[in-house]
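Novice:
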Amino acid sequence: MHKRVFTAKRDVNLLRQRMHTASHFVYKGGMFSADKLMVAYVQTLENNSCVEDLNGNPILIEDATDFKDTVRAKHREVMNELYEEYQKYTT
69 MHKRVFTAKR DVNLLRQRMH TASHFVYKGG MFSADKLMVA YVQTLENNSC VEDLNGNPIL
129 IEDATDFKDT VRAKHREVMN ELYEEYQKYT T
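Okay, so the sequence shown: first residue is 69 according to this note's numbering, each after it adds one.
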């Protein structure tokens, strides 16, 4: 029983790590992560805003709406995949 619990926890942890990596995307030459913090942050952006990417580089976001849509779409894609995979491990 203990081995089965350990295996399940390990698999879920590996799944979360894989999804974290899958949430990375490139936009205007910068590398970003579509995590929940970025989803919240992009709601405050306006056109011609400067955003720091994962490497600490400032990236000018000329079209804030396009960037918001990109972040939300990537986040939704990753979360849906996480949900589907998570169901396999927990049911």
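A virtual CB, placed ideally from N, CA and C, is assigned to each residue, including glycine. All figures in this text were calculated on a predicted structure; none of them were measured in a lab.
1. Looking only at C-alpha atoms, which of Asn116, Thr133 and Gln85 sits nearest to Asp37?
2. Is it true that the stretch 138-151 meets the stretch 114-128, where meeting means three or more beta-carbon pairs spaced less than 8 angstroms apart?
3. Is it buried or exposed, Thr138, if we count other Cβ atoms within 10 angstroms and call 16 or more buried?
4. Would His88 be called buried (16 or more neighbouring beta carbons within 10 Å of its own) or exposed?
5. Step through the CB atoms of chain C and report whether any lies within less than 8 angstroms of the CB of Ser117.
Specialist: Once the coordinates are examined:
1. No answer is possible for residue 37: the residues shown for the chain start at 69 and end at 159.
2. no
3. buried
4. exposed
5. Among the protein chains of the structure shown there is no chain C, as only one such chain exists.
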